[in-house]
Amino acid sequence: MLLLEHVDKSYIIPGRQHVPVLHIPYFQMSPQEKVALVGPSGSGKSTLLHMIAGILRPTSGTIRLLDKQLDSLSESELDRFRAKHIGYVFQSFNLLPGFTAMENVLAAMRFGQVIPPKLHKERAADMLDQVGLSHRLHHKSGQLSNGEQQRVSIARALVNNPALVLADEPTASLDYANAEQVAALLNEACRSHGAALLLCSHDLELAGTMDRTINIRELSQTAAGRAG
Ligand SMILES: Nc1ncnc2c1ncn2[C@@H]1O[C@H](COP(=O)(O)OP(=O)(O)O)[C@@H](O)[C@H]1O
Ligand SMILES: [Mg+2]
21 MLLLEHVDKS
31 YIIPGRQHVP
41 VLHIPYFQMS
51 PQEKVALVGP
61 SGSGKSTLLH
71 MIAGILRPTS
81 GTIRLLDKQL
91 DSLSESELDR
101 FRAKHIGYVF
111 QSFNLLPGFT
121 AMENVLAAMR
131 FGQVIPPKLH
141 KERAADMLDQ
151 VGLSHRLHHK
161 SGQLSNGEQQ
171 RVSIARALVN
181 NPALVLADEP
191 TASLDYANAE
201 QVAALLNEAC
211 RSHGAALLLC
221 SHDLELAGTM
231 DRTINIRELS
241 QTAAGRAG
């Protein structure tokens, strides 16, 4: 379902030419598989997720997701492909400010164009119910607690039935009780929607609930955290 071959990423920093961050000879994930990606801060975990989502392009190498080779897609094709097939959960939630919980989930459906429009409202309410927010549908994102905002972002990530969910430190901004609840919800939402999950986390307990754990320093021969 996901295959990376010889993926390199360097950042260009003025005065320092190319700074190599990742060199990944091979990485694959199967449909519905759950993988934890661990490694210290600065080792390239977010960079890897951004490349898989097509937000960042690799310096060289190929990334295939479903039937597509990402480097063959234009920016607008990538935007459409991502909206349809990938759900993204961020540490900082990234909800649309000033929009309600419902509106945030509805917007993802409009971009994805997977769900027939006449079903959007009912489905948004149902997704928010699945994450325990049926009493918060019309609250704006700024009126929600951190735990509630992350639950909205889980509903938003799964609403188009994506093949893959990428979660970048999804519990790092939450207190312990909320982190546990959000982790359980994310796990269950991916399972029930048949999505694969690639999750970066410092939380080894959470990583332990995935099918396998990969250390980015073993995956990548130049992971930035290697020396440190
Ligand atoms: N836009 C950028 N320009 C230059 N260097 C960057 C940029 N983004 C990240 N880096 C560097 O790449 C390395 C990996 O960063 P990142 O992927 O954010 O790591 P992690 O998510 O594991 O903390 C770090 O050394 C970071 O400083
Ligand atoms: Mg990161």
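Residues in the sequence shown are numbered consecutively from 21, following our numbering. Built from N, CA and C at the ideal position, the CB exists for glycine as well.
For T67, the first and last residue of its enclosing alpha helix (DSSP H): Along the sequence shown, one-based indexing puts residue 67 at 47. Residues 65–72.
Proximity of L23 and R84 at Cβ, strictly below 8 angstroms: Translated into positions along the sequence shown, residue 23 becomes position 3. Translated into positions along the sequence shown, residue 84 becomes position 64. Cβ distance < 8 angstroms, so L23 and R84 count as in contact.
Candidates L148, D28, L194, N207: closest to M122 by CA position: Here residue 122 corresponds to residue number 102 of the sequence shown, with the count starting at 1. That would be L148, whose Cα lies nearest to the Cα of M122.
Supposed close pair F47, L239 - CB separation, criterion 8 angstroms: Against the sequence shown, residue 47 aligns to sequence position 27. Against the sequence shown, residue 239 aligns to sequence position 219. 6 angstroms between Cβ atoms; contact.
Entirely enclosed beta strand (DSSP E) segments - the stretch 194–221, minimum 3 residues: 216–220
Beta-bridge pairing of L98 - partner residues as DSSP gives them: Numbered from 1 along the sequence shown, position 78 holds the residue referred to as residue 98. In DSSP, L98 forms no bridge with anything.
C-alpha distance - G132 paired with P117, whole-angstrom precision: If you number the sequence shown from 1, residue 132 lands on position 112. If you number the sequence shown from 1, residue 117 lands on position 97. The straight-line gap from Cα to Cα measures roughly 20 angstroms.
CA-to-CA distance, S80 to G35, given in whole angstroms: Here residue 35 refers to the residue found at position 15 when the sequence shown is read from its first residue. Here residue 80 refers to the residue found at position 60 when the sequence shown is read from its first residue. Approximately 22 angstroms between the Cα atoms of the pair.
Coarse secondary structure for Q241, derived from DSSP in three states: Locating residue 241 in the sequence shown gives position 221, where the first residue counts as 1. In the structure shown, Q241 sits in coil (DSSP, three-state: anything other than H, G, I, E or B).
Rounded C-alpha distance that separates R120 from E168: As a working mapping, residue 120 is identified with position 100 in the sequence shown. As a working mapping, residue 168 is identified with position 148 in the sequence shown. With the sequence shown as reference, residue 120 is identified as Thr, and Arg is not the correct amino acid for it. Taking the straight line joining both Cα atoms gives about 12 angstroms.
Neighbour-count burial assignment, G162, 16 or more Cβ in a 10 Å radius: Within the sequence shown, residue 162 is the residue found at index 142, counting from 1. The residue is exposed, with fewer than 16 neighbouring Cβ atoms inside 10 Å.
Distance cut 6 angstroms, beta-carbon to ligand 1 heavy atom: residue list by chain order: Y31, I33, V41, G59, S61, G62, S63, G64, K65, S66, T67, A244
E53 CB to nearest heavy atom of ligand 2 below 7 angstroms: Within the sequence shown, residue 53 is the residue found at index 33, counting from 1. It does not: the Cβ of E53 is nowhere closer than 7 angstroms to a heavy atom of ligand 2.
Length of the line joining the Cα atoms of F113 and Q37: One-based indexing of the sequence shown puts residue 113 at position 93. One-based indexing of the sequence shown puts residue 37 at position 17. So the two alpha carbons sit approximately 33 angstroms from each other.
Check: E95 C-beta below 7 angstroms from any heavy atom of ligand 2: To locate residue 95, count along the sequence shown from 1; it is residue 75. The answer is no for E95.
A5 versus R130, P136, L126, P137, residue with shortest Cα-Cα distance: Missing from the structure shown is residue 5; the chain here goes from 21 to 248 and no further.
Contact check, G64 vs V41, beta carbons under 8 angstroms: As a working mapping, residue 64 is identified with position 44 in the sequence shown. As a working mapping, residue 41 is identified with position 21 in the sequence shown. Cβ distance < 8 angstroms, so G64 and V41 count as in contact.
The stretch 171–187 in contact with the stretch 205–222 per 3-pair CB rule at 8 angstroms: yes
Contact between the stretch 72–79 and the stretch 89–109 (3+ Cβ pairs under 8 angstroms): yes
Which of helix, strand or coil DSSP assigns to A247: As a working note, residue 247 is residue 227 in the sequence shown. At A247, the pLDDT of 43 sits below 50, so the modelled position is not reliable; the number obtained from the coordinates is stated separately. DSSP places A247 in coil when its eight states are reduced to three.
Own chain residues within Cβ distance below 6 angstroms of L90, not counting five before or after: Counted from its first residue, the sequence shown places residue 90 at position 70. Counting only Cβ-Cβ distances below 6 angstroms, and skipping sequence neighbours, we find G74, I83.
Environment of E197 [buried if 16+ CB atoms lie within 10 Å]: As a first step, residue 197 must be located in the sequence shown, where it is residue number 177. The amino acid occupying residue 197 in the given sequence is Ala; Glu does not appear at that position. When all chains shown are included, A197 counts as exposed.
Proximity test, D188 beta-carbon vs ligand 2 heavy atom, cut-off 7 angstroms: Counting from 1 along the sequence shown, the entry for residue 188 is found at position 168. Checking every heavy atom of ligand 2 against the Cβ of D188, one is found closer than 7 angstroms.
Of the listed residues L98, C210, P45, nearest to H70 (C-alpha basis): Position 50 of the sequence shown holds residue 70. Minimum Cα distance to H70 is reached at L98.
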